[in-house]
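A.B. asks: Sending over a structure as structure tokens; questions will come in a sec.
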Amino acid sequence: MKILLLVCSVFLQAQDDVARGKKLYEGFCSLCHGQTGTGGKGPSLAQPTLARAPDDPRLIQVIQQGIQGTEMPGFWQLTDHEAGQVAAYVRSLGRTAVEVLPGDPARGRALYEGKGGCTGCHIIRGAGSSLGPELSEIGARRSSPYLRESLVKPGAAVPENFKVVTVVTTGGRTVRGMRVNEDTFSIQLRDAGGRFHSFRKSELSKIDRENNASLMPSYESKFTPAELDDLIAYLASLRGAS
Amino acid sequence: MKQFALMIMIAAANAQVPYQRIVKAASEPGSWLTYSGNYEAHRFSPLAQLTPANVAGLKPVWVYQVRDNGGVETTPLVFDGVMYVTEPPTVVTALDLKTGRRLWRWERTLPKNLDTIGFGRVNRGVAALGDMIYVGTLDAHMVALDAKSGAVRWDVEVADYKSGHCITVAPLAIDGKIITGISGGEAGIRGFIDAYDAKTGKRLWRFWTIPGEGEPGNESWHAPDSWKTGRGSTWVTGSYDAEQKLIYWGVGNPGPDWNGDPRPGDNLYTCSLVALDAETGKLRWHFQFTPHDTHDWDATEIPVLLDTVIRGRPRKVVAMANRNGFYYVLDRGTGEFLAGTPYAKQTWAKGLDDSGRPMVLPNTEPSDAGTLVWPSLQGSTNWFSPSYDASRKQFYVAVREMSSYYYKGEAEYKPGTFFAGGGERALNGDDAWGAIRALDVSTGKKKWEFRLQSPPWVGVMGTAGGLVFGGSEEGNFYALDAMTGKPLWDFETGGRMASNPVSFLIDGKQRVAIAAGHAIFVFGL
Chain Z
273 MKILLLVCSV
283 FLQAQDDVAR
293 GKKLYEGFCS
303 LCHGQTGTGG
313 KGPSLAQPTL
323 ARAPDDPRLI
333 QVIQQGIQGT
343 EMPGFWQLTD
353 HEAGQVAAYV
363 RSLGRTAVEV
373 LPGDPARGRA
383 LYEGKGGCTG
393 CHIIRGAGSS
403 LGPELSEIGA
413 RRSSPYLRES
423 LVKPGAAVPE
433 NFKVVTVVTT
443 GGRTVRGMRV
453 NEDTFSIQLR
463 DAGGRFHSFR
473 KSELSKIDRE
483 NNASLMPSYE
493 SKFTPAELDD
503 LIAYLASLRG
513 AS
Chain P
487 MKQFALMIMI
497 AAANAQVPYQ
507 RIVKAASEPG
517 SWLTYSGNYE
527 AHRFSPLAQL
537 TPANVAGLKP
547 VWVYQVRDNG
557 GVETTPLVFD
567 GVMYVTEPPT
577 VVTALDLKTG
587 RRLWRWERTL
597 PKNLDTIGFG
607 RVNRGVAALG
617 DMIYVGTLDA
627 HMVALDAKSG
637 AVRWDVEVAD
647 YKSGHCITVA
657 PLAIDGKIIT
667 GISGGEAGIR
677 GFIDAYDAKT
687 GKRLWRFWTI
697 PGEGEPGNES
707 WHAPDSWKTG
717 RGSTWVTGSY
727 DAEQKLIYWG
737 VGNPGPDWNG
747 DPRPGDNLYT
757 CSLVALDAET
767 GKLRWHFQFT
777 PHDTHDWDAT
787 EIPVLLDTVI
797 RGRPRKVVAM
807 ANRNGFYYVL
817 DRGTGEFLAG
827 TPYAKQTWAK
837 GLDDSGRPMV
847 LPNTEPSDAG
857 TLVWPSLQGS
867 TNWFSPSYDA
877 SRKQFYVAVR
887 EMSSYYYKGE
897 AEYKPGTFFA
907 GGGERALNGD
917 DAWGAIRALD
927 VSTGKKKWEF
937 RLQSPPWVGV
947 MGTAGGLVFG
957 GSEEGNFYAL
967 DAMTGKPLWD
977 FETGGRMASN
987 PVSFLIDGKQ
997 RVAIAAGHAI
1007 FVFGL
């Protein structure tokens, strides 16, 4: 009887942890990983295994310390107990059915390299051109809905160094490009031809930050729905060296 | 015996920085003798060689690279041809003022199990008095060094580092005493301000920022024992009224940060300014800016002492641009609230009542779902210094315009660990920005603003030549016109900045210095 009570108590505690972890997750994590963990700007966490966090201690470490070299920050304010609760909730997401993408990665790769002309702007494993973001790990960093949105509405969510800005100099010259850096006194752009431009702000009469704009064209009309599925399946399969 | 007495007399006569030299800092504009430039904490240079007309020609004179990779937050002290700086984590270095070449270096060997909870392994500078240089260490000791060699004269423990106590603050040297505060709020310490005998290191008094049982103020902690982990850290250097012999020092927030449930009440003297009798450490008065704070808005900003006219009457006041978004003017003899107004965007209070107490708006508390409030956890300003320009009656302040979602979490005290009770998610990127603002010193009304790309971590310094120097998150060091805020000169230092500018003379020529990245830069014409 005592053992049964103990088992029940442990089970209820685990349930409590998941419930509390869900609340913490919704506050701290959902903005990037989606309200239900299916991903967004950050990758989907609704997976049975997580490449960067194969076990609970590693997952707690990732939550508290972040992942260096990525956009994942550390949540140092969470206690060990709270980080454990978030981890318990994240693990519970992995027990849902694995997302099966409808497309074919091999066909997607052919579209990427052929009809899409994507190599003209992106690098994968060292090959391609560098105007757009490097994509060798894009499947590990972004969810499939996010990838679809990036292809259909590229301006919906633009990474920090690819935001489009148009400037007009006091001499009347206009330059449009991606903002690669900016401080109080200067701004650096890269135009669609890949050239860098640097301006002192005192030399500019106008700085137009084009929210929801991207130098990448929409592929909504260029690809059929089935082709888009294939391309997304290919991009989702890109998970870096591993 | 006579000879011995004579030797003592000579030693005393040669003492480099007698107390009176710091009292009269304004008459010695070529030096920078104490953290904020003078006891009144004006961080204002009376030098006027650099002006709006010539500042565009400012160029680096020398650069000193520190050894450690940590942040350099030091305010250099400068006198008698030497610059004294601190390097991370706890290093004091004396530099030849003409060349930046090192004269001596003292490094603290820190315990391997030292943990800084809630802040970086940094130090903000030294104090000088007599022939000694004083530094607080990350492992919570106060150390006196010989100013000519860096040899240790004395070393005393201020508090136990194993319970989360650390010192990052530059000490304040007054008449025969070294005053220090303490860091470690996020570890749930009980804060204090200490005075040590400058010659021997003997502790002369301690003022607990959280009053104990039976002491006035303890009743503001309604839950039993909540005061014991009440925090109230004191990690930014205060100011000193040499006539009244009163020390003014800001006190940090209560613990746990974002969950106020375990500590109902106003939680004195957290988020307050305290005025202490320098001889005894007794409290003369206090003023609490943010009663029962739940947003981590320490009152550890610089209390600036100045004389001004309030509603037609000359007053001796203390002014503070507080982390909570309001600028305050208090009578510095009594703590009476004289004026207060927001100097940055804030969404948590309807305003201040006649006593200066905030009229808090509903639904601004941290919550499970997150509550969006301006300013962010880091506040509308923070530890970096403001500046007071007496001739122009302007108060310059570096402002952070940024909001946060505040979350409420669990709050369990375990010694030597975070005692936070929640967290925040700041809205940064292009949603956040910064500014240098010139405020009317009596009213807090904005006179001009210079907009910055990002919220800064750099203080400002006005000069008699009509300039305001400041820095940026992106490494820009710049000079503004004191009358208009118009930018006149800027230089990209190439590193993140979290420091304060100073100015002094080298060979009779005005120089300005600032720490940026892992280096200290000195500029001149």
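Same order as they appear, the protein sequences are chains Z and P.
Note that the first sequence ends on residue 514 in my numbering; no numbers are left out.
Note that the second sequence ends on residue 1011 in my numbering; no numbers are left out.
Idealized CB from N, CA, C, for every residue including glycine.
#1: For V440 of chain Z, report the span of its beta strand (DSSP E) as first-last.
#2: Within the continuous beta strand (DSSP E) that includes P800 of chain P, where are the two ends?
#3: Note down the Cα distance separating V571 of chain P from T579 of chain P, rounded to an integer number of angstroms.
#4: Excluding five sequence neighbours on each side, which residues of the same chain lie with their C-beta closer than 8 angstroms to the C-beta of G1071 of chain P?
#5: Quick one: grab the DSSP three-state call for L503 of chain Z.
#6: Please list the residues of the stretch 929-942 of chain P that have a C-beta atom closer than 7 angstroms to any C-beta atom in chain Z, keeping them in chain order.
#7: 7 angstroms is my cut-off, CB to CB: does D455 of chain Z come that close to chain P?
#8: What span of residues does the alpha helix (DSSP H) with H353 of chain Z cover, start to end?
#9: Which residues in chain P have a C-beta closer than 7 angstroms to the C-beta of K295 of chain Z? List them in chain order.
#10: Relative to the C-alpha of P947 of chain P, which candidate in P:P941, P:S719, P:Y964 and P:D917 has its C-alpha closest?
#11: Assuming H772 of chain P is part of the beta strand (DSSP E), what are its boundary residues?
#12: Whose C-alpha, out of P:D661, P:P657 and P:P901, is nearest the C-alpha of I668 of chain P?
#13: Applying the 10 Å Cβ sphere with the 16-neighbour rule, what's the burial state of W834 of chain P?
#14: Who are the Cβ neighbours of A709 of chain P in its own chain at under 8 angstroms, not counting the five residues just before and after it?
#15: Given G909 of chain P, which residues of its chain have a CB within under 6 angstroms of its CB, disregarding the five upstream and five downstream residues?
#16: So what does F457 of chain Z bridge to, in DSSP terms?
#17: Would a check of beta-carbon distances place E851 of chain P closer than 7 angstroms to chain Z?
#18: Counting only the same chain and skipping the five closest in sequence on each side, list residues whose C-beta sits under 8 angstroms from that of H651 of chain P.
#19: Looking at the structure shown, is Q340 of chain Z part of a helix, part of a strand, or coil, going by DSSP?
#20: Just by C-beta distance, which residues in the stretch 901-913 of chain P are closer than 7 angstroms to chain Z?
#21: Taking 7 angstroms as the limit between beta carbons, can you name the residues of its chain near L589 of chain P, skipping five residues before and five after?
#22: In the structure shown, what three-state DSSP assignment does L953 of chain P receive?
#23: Quick one: is G299 of chain Z near chain P, going by C-beta distance under 7 angstroms?
#24: What is the C-beta distance between R717 of chain P and G741 of chain P, in whole angstroms, given that I count them as a contact (C-beta under 8 angstroms)?
#25: Which residues in the same chain as M618 of chain P place their Cβ atom closer than 8 angstroms to its Cβ, once the five residues preceding and following it in sequence are excluded?
#26: Determine the direct distance from the alpha carbon of R367 of chain Z to that of T321 of chain Z, and round the result to whole angstroms.
#27: In this structure, how does DSSP classify Q319 of chain Z when only helix, strand and coil are distinguished?
#28: Taking DSSP as the reference, what is the three-state secondary structure of E385 of chain Z?
#29: Give me the Cβ distance between S871 of chain P and S522 of chain P, rounded to the nearest whole Å; I'm assuming they're in contact under 8 angstroms.
#30: Starting from I508 of chain P and walking both ways along the alpha helix (DSSP H), at which residues does that stretch end?
#31: Could you tell me the distance, in whole angstroms, from the CA atom of A761 of chain P to the CA atom of T560 of chain P?
#32: Using 10 angstroms around the beta-carbon of N739 of chain P, count the other beta-carbons present and answer buried if the total reaches 16, otherwise exposed.
#33: Using alpha carbons as the reference points, say which of P:Y550, P:G557 and P:Q864 lies closest to L585 of chain P.
#34: What does P740 of chain P pair with, by DSSP beta-bridge criteria?
#35: Count the C-beta pairs between the stretch 506-521 of chain P and the stretch 966-981 of chain P that are closer than 8 angstroms, then say yes if the count reaches three, no if not.
#36: Looking only at its chain, what residues have a beta carbon closer than 7 angstroms to the beta carbon of G557 of chain P, apart from the 5 residues adjacent to it on each side?
C.D. replies: Quick answer:
#1: Counting from 1 along the first sequence, the entry for residue 440 of chain Z is found at position 168. Membership of V440 of chain Z in the beta strand (DSSP E) is indicated by the continuous run V436 to T441.
#2: Stepping through the second sequence from its first residue, residue 800 of chain P is reached at position 314. Counting along the chain, the beta strand (DSSP E) containing P800 of chain P begins and ends at R799 to A807.
#3: As a position in the second sequence, residue 571 of chain P is number 85, starting the count at 1. As a position in the second sequence, residue 579 of chain P is number 93, starting the count at 1. Computed Cα separation, rounded: 5 angstroms.
#4: Nothing about residue 1071 of chain P can be reported from this structure: the residues present for chain P run from 487 to 1011 only.
#5: By 1-based counting over the first sequence, the position of residue 503 of chain Z is 231. L503 of chain Z: helix per DSSP, three-state reduction.
#6: Those residues of the stretch 929-942 of chain P that come within reach of chain Z (Cβ to Cβ, closer than 7 angstroms) are L938 and Q939.
#7: Residue numbering aside, residue 455 of chain Z sits at position 183 when the first sequence is read from its first letter. With 7 angstroms as the cut-off, D455 of chain Z counts as an interface residue toward chain P.
#8: Counting from 1 along the first sequence, the entry for residue 353 of chain Z is found at position 81. H353 of chain Z -> alpha helix (DSSP H) spans D352 to L365.
#9: On the first sequence, residue 295 of chain Z is found 23 positions in, with the first residue counted as 1. Those are D854, listed as they occur along chain P.
#10: Walking along the second sequence from the start, residue 947 of chain P turns up at place 461. The sequence shown places Met at residue 947 of chain P, rather than the Pro named in the question. Checked all of P:P941, P:S719, P:Y964 and P:D917; the closest Cα to M947 of chain P is P:Y964.
#11: Taking the second sequence and counting its residues from 1, one reaches residue 772 of chain P at position 286. Where H772 of chain P is concerned, the enclosing beta strand (DSSP E) starts and stops at L769 to Q774.
#12: Counting from one through the second sequence, the residue named residue 668 of chain P turns up at place 182. Taking only the C-alpha atoms, the option nearest I668 of chain P is P:P657.
#13: Taking the second sequence and counting its residues from 1, the one referred to as residue 834 of chain P is at position 348. Looking at its Cβ environment, which holds 16 or more other Cβ atoms inside 10 Å, W834 of chain P is buried.
#14: On the second sequence, residue 709 of chain P is found 223 positions in, with the first residue counted as 1. Annotation for A709 of chain P: P748, R749, P750 and G751 place their beta carbon closer than 8 angstroms to its own, counting only its chain and skipping 5 residues before and after.
#15: Position 423 of the second sequence, counting from 1, holds the residue named residue 909 of chain P. Listed in chain order, the non-local C-beta contacts of G909 of chain P below 6 angstroms within the same chain comprise Y893, local neighbours out to five positions each way being set aside.
#16: Residue mapping note: residue 457 of chain Z aligns to position 185 of the first sequence, counting from 1. For F457 of chain Z, which the question treats as bridged, DSSP gives no partner whatsoever.
#17: Mapped onto the second sequence, residue 851 of chain P falls at position 365. Answer no: the Cβ-Cβ gap between E851 of chain P and chain Z never drops below 7 angstroms.
#18: Sequence index remark: in the second sequence, residue 651 of chain P carries index 165 (1-based). A distance below 8 angstroms between beta-carbons, with the five flanking residues on each side excluded, links H651 of chain P to the following residues of its chain, in chain order: A626, V644, A645, I668, S669, G670, A673 and I675.
#19: For the purposes of this step, residue 340 of chain Z is identified with residue 68 of the first sequence, where counting begins at 1. DSSP places Q340 of chain Z in coil when its eight states are reduced to three.
#20: Interface annotation for the stretch 901-913 of chain P against chain Z: F904, A906, G908, G909 and R911, criterion Cβ-Cβ distance under 7 angstroms.
#21: Along the second sequence, one-based indexing puts residue 589 of chain P at 103. Result list for L589 of chain P: V568, A580, L581 and D582, in chain order.
#22: The residue labelled residue 953 of chain P in the question sits at position 467 within the second sequence. Looking at L953 of chain P - three-state DSSP - the assignment turns out to be strand.
#23: Numbered from 1 along the first sequence, position 27 holds the residue referred to as residue 299 of chain Z. Output row for G299 of chain Z: interface = yes.
#24: The residue you call residue 717 of chain P lines up with position 231 of the second sequence. The residue you call residue 741 of chain P lines up with position 255 of the second sequence. Distance from R717 of chain P to G741 of chain P at the Cβ level is roughly 4 angstroms; contact confirmed, criterion being Cβ atoms closer than 8 angstroms.
#25: Working through the second sequence from its first residue, we reach residue 618 of chain P at position 132. Cβ neighbours of M618 of chain P beyond the five flanking positions: A630, L631, D632, A633, R639 and A684.
#26: Mapped onto the first sequence, residue 321 of chain Z falls at position 49. Mapped onto the first sequence, residue 367 of chain Z falls at position 95. In a straight line, the C-alpha of T321 of chain Z is about 10 angstroms away from that of R367 of chain Z.
#27: For the purposes of this step, residue 319 of chain Z is identified with residue 47 of the first sequence, where counting begins at 1. The DSSP-derived three-state label of Q319 of chain Z is coil.
#28: Counting from one through the first sequence, the residue named residue 385 of chain Z turns up at place 113. The answer is helix: DSSP assigns E385 of chain Z an H, G or I state.
#29: The sequence position of residue 871 of chain P within the second sequence is 385, counting from 1. The sequence position of residue 522 of chain P within the second sequence is 36, counting from 1. Yes, S871 of chain P and S522 of chain P are in contact; Cβ-Cβ is about 6 angstroms, under 8 angstroms.
#30: The residue given as residue 508 of chain P occupies position 22 in the second sequence. Run containing I508 of chain P: Y505 to V509, per the alpha helix (DSSP H) assignment.
#31: Counting from 1 along the second sequence, the entry for residue 761 of chain P is found at position 275. Counting from 1 along the second sequence, the entry for residue 560 of chain P is found at position 74. Taking the straight line from one Cα to the other gives about 25 angstroms.
#32: By 1-based counting over the second sequence, the position of residue 739 of chain P is 253. With 16 or more other Cβ atoms within 10 Å, it is buried.
#33: Numbered from its first residue, the second sequence carries residue 585 of chain P at position 99. Looking at the sequence itself, residue 585 of chain P is Thr, so the reference to Leu does not match. Proximity to T585 of chain P across P:Y550, P:G557 and P:Q864 peaks at P:Y550, based on C-alpha coordinates.
#34: Here residue 740 of chain P refers to the residue found at position 254 when the second sequence is read from its first residue. Answer is P:R717.
#35: A contact is defined here as three or more CB-CB pairs under 8 angstroms, and the stretch 506-521 of chain P fails this definition with respect to the stretch 966-981 of chain P.
#36: For the purposes of this step, residue 557 of chain P is identified with residue 71 of the second sequence, where counting begins at 1. So the list reads P574, G606, V608 and A984, once near-sequence residues are dropped.
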